[in-house]
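Right, one structure below, let's go through it.
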Amino acid sequence: MNSIVSDVIAYVNDSDTVPASLASAHDAIGRIPLRVVCINLAGWWRRQLLQTSRHPYLTMNPAHDWCSNLLAIVDSTPELAAITDISDRRCTFSPSLSAESIAEINEYAREHYRPTLRS
9 MNSIVSDVIA
19 YVNDSDTVPA
29 SLASAHDAIG
39 RIPLRVVCIN
49 LAGWWRRQLL
59 QTSRHPYLTM
69 NPAHDWCSNL
79 LAIVDSTPEL
89 AAITDISDRR
99 CTFSPSLSAE
109 SIAEINEYAR
119 EHYRPTLRS
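Positions in the sequence shown are counted from 1; adding 8 to them yields the numbering used here.
Written out as structure tokens, the structure is:
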């Protein structure tokens with residue numbers, strides 16, 4: 009299991025604690041924008057039919073702030089850059105990841121992603 013996956017999900021579940029791998033992203037964009045990006049990533053990773061879907065990617069729209077924030081985070085977080093590939097208005101898994109690795113990410117996210125509502 010890739011530690012950035014567990015760090016992203018841990019941050020969603022408790023955004024009062026910033027994992028070291030996300031510290032530079034937290035400093036650059038702040039707690040709430042980082043949490044929104046992490047929620048989108050974790051929600052994508054958790055999709056029930058992630059690998060068999062006709063659209064196994066995270067759609068990105070430049071009009072949404074979280075998309076530009078995701079680009080900035082991937083640029084500043086090598087661990088996240090290693091597992092993602094962003095192009096053509098979508099975020100996909102890196103071609104270097106095996107189907108088994110993607111399945112592990114999916115399984116981990118499904119077991120551990122438990123976001124709480126914040127006000």
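Quick reminder that beta carbons are idealized off the backbone N, C-alpha and C, glycines included.
Practice task
Take every Cβ of the region 11 to 22, pair it with every Cβ of the region 113 to 120, and state whether three or more of those distances are shorter than 8 Å.
Solution key: yes
Exercise for the section: Tell whether a beta-carbon distance below 8 Å holds between Val45 and Ile81. Expected result: yes
Practice task
Answer yes or no: do Ala130 and Ser84 have a C-beta to C-beta separation smaller than 8 Å?
Solution key: Beyond the ends of the chain as shown, which are 9 and 127, falls residue 130; an answer cannot be given.
Exercise for the section: Could you give the DSSP three-state label for Leu66: helix, strand or coil? Expected result: strand
Exercise for the section: Tell me where the alpha helix (DSSP H) around Asp93 begins and ends. Expected result: Here Asp93 belongs to no alpha helix (DSSP H); instead the beta strand (DSSP E) covers Thr92 to Ser95.
Problem - Beta-carbon contacts of Leu49 that lie in its chain and below 6 Å, excluding the five residues immediately before and after - result: Val16
Practice task
Pick helix, strand or coil for Arg55, following the three-state DSSP scheme.
Solution key: coil
Practice task
Compute the distance between the beta-carbons of Ile91 and Ile37, then report whether it is under 8 Å.
Solution key: no
Handout entry: Straight-line Cα distance separating Trp52 from Thr100
Key = 10 Å
Problem - Sub-8 Å separation of Ile113 and Asn10 beta-carbons - result: yes
Handout entry: CA nearest to the CA of Pro64, picked from Val26, Pro86, Ile110 and Tyr116
Key = Ile110
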